[in-house]
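Residue 90 in full-length UniProt numbering sits at position 90 of the sequence shown, with consecutive numbering throughout.
Quick reminder that beta carbons are idealized off the backbone N, C-alpha and C, glycines included.
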Amino acid sequence: MAEEKERKELPQVDPIGTVNIDYIEVLGEKAKDLAENYIEYLGGKLENIFPLYDMYIVAKSNVLDRIVLDYIFNLDNDDMFRELVDYELTPLAKEQKCKTEFLNHIKQEKRKRKERIKKQQEEERKKYFSEVQKLHPYYGKPLSKNVIRDILIENYIDISYNQATRKIELSKSDLLSPYPRENQLSVLPTILYDICKENEVTGLPTGLKMITNYLNNLALENRYNPILDMLKKYKNDNESYLQQIYNILNLTDDLQKELLRKWLIQCVALAHNTTENPVQAEGVLVLQGLQAKGKTSFFRKLAGKREWFIEGASIDVRNKDTIINALSGWICELGELDSTLKKEQAELKAFITQSFDNIRLPYAPTFTTNPRTTSFCGTVNEEKFLKDTTGNRRFWVIPITFIDKEKLHKLTEEDIFNMWGYIENLYQKDNNSFRLADFELQKLNAKNEEYKTELPFEQEVLSLLDFNKSVELWNYYSPAEISMCIRSQNLGNCTAKQVGTILSKLQKSYKDMNKKRTKQGYKYFLPLNIGEIERLINRHLL
1 MAEEKERKEL
11 PQVDPIGTVN
21 IDYIEVLGEK
31 AKDLAENYIE
41 YLGGKLENIF
51 PLYDMYIVAK
61 SNVLDRIVLD
71 YIFNLDNDDM
81 FRELVDYELT
91 PLAKEQKCKT
101 EFLNHIKQEK
111 RKRKERIKKQ
121 QEEERKKYFS
131 EVQKLHPYYG
141 KPLSKNVIRD
151 ILIENYIDIS
161 YNQATRKIEL
171 SKSDLLSPYP
181 RENQLSVLPT
191 ILYDICKENE
201 VTGLPTGLKM
211 ITNYLNNLAL
221 ENRYNPILDM
231 LKKYKNDNES
241 YLQQIYNILN
251 LTDDLQKELL
261 RKWLIQCVAL
271 AHNTTENPVQ
281 AEGVLVLQGL
291 QAKGKTSFFR
301 KLAGKREWFI
311 EGASIDVRNK
321 DTIINALSGW
331 ICELGELDST
341 LKKEQAELKA
351 FITQSFDNIR
361 LPYAPTFTTN
371 PRTTSFCGTV
381 NEEKFLKDTT
391 GNRRFWVIPI
401 TFIDKEKLHK
411 LTEEDIFNMW
421 GYIENLYQKD
431 NNSFRLADFE
441 LQKLNAKNEE
451 YKTELPFEQE
461 VLSLLDFNKS
471 VELWNYYSPA
481 EISMCIRSQN
491 LGNCTAKQVG
501 TILSKLQKSY
511 KDMNKKRTKQ
521 GYKYFLPLNI
531 GEIERLINRH
541 LL
């Protein structure tokens, strides 16, 4: 009898179907080697393998054999399968039966495996979401303000409303860091919507309106006013802080000092403005002087913080965007004041002294009425810039010949805050101390005459008058009569309405001028200096 080949020892397999743990660990790495070893273990040659069917029956109760058979009878390799079943000892019928049962077994195992995996995945999913719920308290809940608050807290996002700048502010957060700072507020609702969707928050609308409304509510709940906080912290009674400002502008005139002091108090008063105790601004502080004197730099420094100052705002009362921009700071500089005033916008003059503003804030669903907290200032290069004959009392003009820029730039934020703290002390002593007294208003109106621009045909009207003429020689004339004189002298096609406006302006400068009401309208007491014109008027009257 031929010497039997030495057979390689394989790990023992429990007939119940369990497999040695060590064998399982190497099964994935050495499947091919195991299969070859098994063939050699059975006889060393394929023709010595006992019938395939019997082998399959053994394999059904043996996990190891079944796995090895999966490799040997690789269904992707039909040639190998035929080679194994085409021997005399394996009848075709037995082959078909074995193959069918083998394939059925594979299908059954695949189905069981899928069910097992599905069940395992479901268990893992339940376990995951139970853990998620512990981490995300808003998971699966209906959309609400509290859900949005929880998401913000979870991502370390603080949201607040700055009453000084009228803006919603967000703290720095890793969630928003991929986006530019100026765009984070606009992308936040979309980010929150996606987080809600991922965590199966119910009641999500198709749009972002509800989320933005919740953000607006949360911001208003955390509103604050940094200016009021500053005024309270730095309140003092040291007048030297204000004297520093006088020195920087080189102010010596008492009226100019008073205009600046009262405008500063007005800024503080507007910072305290509320619906219950409304405040109406008195005027706009205007620095008039040559270009590059540092007028805008002065106001910028005076505001304390850069975000509290709006530079060069252009206001169109019919454009809500320009209004919102102008009101987004504590102190707003009206840009190109001389050009703005040339537009003759009566609405602008009324706007400057409004106590409330009807605007729509970011994320707010509707327009709301908010107390005015912004005080206006202006800078102008031209000397003649006041055009209106009425309403100029709103413009508190201080002519500037020199600004000490060195002293201005040396002022620290602490110095500015201390100055405002002193102004706060003045305001608390008298809440109306920013209003001009009657004698101050008279001085202001007289001074503002120097800054008025000439009206159309003003020189032509003046050419007909001689204010050196004795008052006994003056007489009453209507604007229509003066208009006729200008046309008769070929000085231009001037209307009676234009003459009336000019005479009203001149009346403020010449105390002997007065007017009286007649059946034909108002007549002005004037010193006409051309006898021929007087005769023309008298002939016309006759």
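Under 8 Å between C-beta atoms of residue i and residue j
{"i": "Asn-225", "j": "Asn-418", "result": "no"}
{"i": "Leu-215", "j": "Lys-443", "result": "no"}
{"i": "Val-147", "j": "Val-201", "result": "yes"}
{"i": "Lys-295", "j": "Leu-302", "result": "no"}
{"i": "Trp-330", "j": "Thr-374", "result": "yes"}
{"i": "Thr-353", "j": "Gln-280", "result": "yes"}
{"i": "Asn-238", "j": "Lys-407", "result": "no"}
{"i": "Thr-401", "j": "Leu-455", "result": "no"}
{"i": "Ile-265", "j": "Leu-426", "result": "yes"}
{"i": "Glu-413", "j": "Gly-304", "result": "yes"}
{"i": "Asn-273", "j": "Ser-171", "result": "no"}
{"i": "Ser-297", "j": "Lys-167", "result": "no"}
{"i": "Glu-311", "j": "Arg-318", "result": "no"}
{"i": "Lys-145", "j": "Leu-218", "result": "yes"}
{"i": "Glu-460", "j": "Ile-486", "result": "yes"}
{"i": "Leu-436", "j": "Glu-282", "result": "yes"}
{"i": "Pro-527", "j": "Leu-491", "result": "no"}
Under the three-state DSSP convention, the category residue i falls into
{"i": "Ala-480", "result": "helix"}
{"i": "Glu-440", "result": "helix"}
{"i": "Phe-298", "result": "helix"}
{"i": "Lys-233", "result": "helix"}
{"i": "Leu-174", "result": "With the sequence shown as reference, residue 174 is identified as Asp, and Leu is not the correct amino acid for it. In the structure shown, Asp-174 sits in coil (DSSP, three-state: anything other than H, G, I, E or B)."}
{"i": "Ile-39", "result": "Unreliable positioning characterises Ile-39 in this predicted model, as indicated by a pLDDT of 47, which lies under 50. The coordinate reading is nonetheless provided below. Three-state result, Ile-39: helix."}
{"i": "Ile-403", "result": "coil"}
{"i": "Glu-333", "result": "strand"}
{"i": "Glu-169", "result": "strand"}
{"i": "Leu-287", "result": "strand"}
{"i": "Phe-434", "result": "coil"}
{"i": "Lys-516", "result": "strand"}
{"i": "Tyr-214", "result": "helix"}
{"i": "Val-397", "result": "strand"}
{"i": "Pro-189", "result": "helix"}
{"i": "Asn-490", "result": "coil"}
{"i": "Glu-456", "result": "The sequence given here places Pro at residue 456; Glu does not occur at that position. Note: Pro-456 maps to coil in three-state DSSP."}
{"i": "Asn-529", "result": "coil"}
{"i": "Asn-222", "result": "coil"}
{"i": "Leu-228", "result": "helix"}
{"i": "Thr-353", "result": "coil"}
Start and end residues, alpha helix (DSSP H) containing residue i
{"i": "Ala-313", "result": "Unbroken run through Ala-313 is the beta strand (DSSP E), 309-313; no alpha helix (DSSP H)."}
{"i": "Gln-428", "result": "413-429"}
{"i": "Cys-377", "result": "Not the alpha helix (DSSP H): Cys-377 falls in the beta strand (DSSP E), residues 375-380."}
{"i": "Tyr-510", "result": "Note, Tyr-510: premise wrong, no alpha helix (DSSP H); not H, not E."}
{"i": "Tyr-241", "result": "240-249"}
{"i": "Asp-321", "result": "320-326"}
{"i": "Arg-149", "result": "145-154"}
Integer Cβ distance of residue i from residue j, believed to fall under 8 Å
{"i": "Leu-196", "j": "Val-284", "result": "One detail in the question is off: residue 196 reads as Cys in this sequence, not Leu. The Cβ separation is near 48 Å, so there is no contact."}
{"i": "Leu-204", "j": "Leu-270", "result": "Leu-204 to Leu-270, Cβ: 42 Å. No contact."}
{"i": "Asn-448", "j": "Val-397", "result": "6 Å"}
{"i": "Asn-432", "j": "Lys-469", "result": "That belief does not hold up - the Cβ atoms of Asn-432 and Lys-469 are roughly 45 Å apart, past 8 Å."}
{"i": "Pro-371", "j": "Pro-278", "result": "7 Å"}
{"i": "Asp-512", "j": "Val-471", "result": "5 Å"}
{"i": "Leu-249", "j": "Ile-403", "result": "6 Å"}
Endpoints, beta strand (DSSP E) assigned at residue i
{"i": "Leu-259", "result": "No beta strand (DSSP E) holds Leu-259; the alpha helix (DSSP H) holding it covers 254-271."}
{"i": "Leu-526", "result": "521-526"}
{"i": "Ser-160", "result": "159-162"}
{"i": "Thr-369", "result": "368-371"}
{"i": "Asp-357", "result": "356-359"}
CB contact check: residue i to chain B, cutoff 8 Å
{"i": "Gln-489", "result": "Structure shown: chain B not included; a single protein chain is present."}
Reference residue i, options the options, closest by Cα
{"i": "Lys-515", "options": "Asn-475, Ser-488, Gly-492 and Glu-154", "result": "Asn-475"}
{"i": "Tyr-193", "options": "Pro-178, Thr-212, Pro-180 and Glu-182", "result": "Thr-212"}
{"i": "Lys-233", "options": "Tyr-451, Phe-439, Ile-486 and Ile-423", "result": "Ile-423"}
{"i": "Ser-314", "options": "Glu-258, Thr-379 and Leu-259", "result": "Thr-379"}
{"i": "Trp-308", "options": "Lys-293, Asn-325, Ser-173 and Lys-320", "result": "Asn-325"}
{"i": "Glu-258", "options": "Phe-467, Phe-434, Ile-482 and Tyr-477", "result": "Phe-434"}
{"i": "Leu-290", "options": "Thr-252, Glu-115 and Asn-381", "result": "Asn-381"}
{"i": "Glu-458", "options": "Lys-119, Leu-506 and Cys-267", "result": "Leu-506"}
{"i": "residue 569", "options": "Lys-523, Arg-517 and Gln-163", "result": "Residue 569 is absent from the model: the chain starts at 1 and stops at 542."}
{"i": "Ala-292", "options": "Lys-405, Ala-364 and Ala-446", "result": "Lys-405"}
{"i": "Tyr-185", "options": "Lys-508, Ser-488 and Ala-364", "result": "Correcting the residue identity first, residue 185 is Leu in this sequence and not Tyr. Minimum Cα distance to Leu-185 is reached at Ala-364."}
{"i": "Tyr-156", "options": "Glu-182, Ser-173, Arg-113 and Lys-262", "result": "Ser-173"}
{"i": "Arg-360", "options": "Glu-333, Ile-323, Ser-240 and Glu-169", "result": "Ile-323"}
{"i": "Gln-489", "options": "Phe-467, Gln-498, Pro-479 and Ser-463", "result": "Ser-463"}
Residue i Cβ short of 7 Å to the ligand GTP heavy atom set
{"i": "Gln-256", "result": "In terms of ligand content, the structure shown is empty, and the ligand GTP therefore cannot be addressed."}
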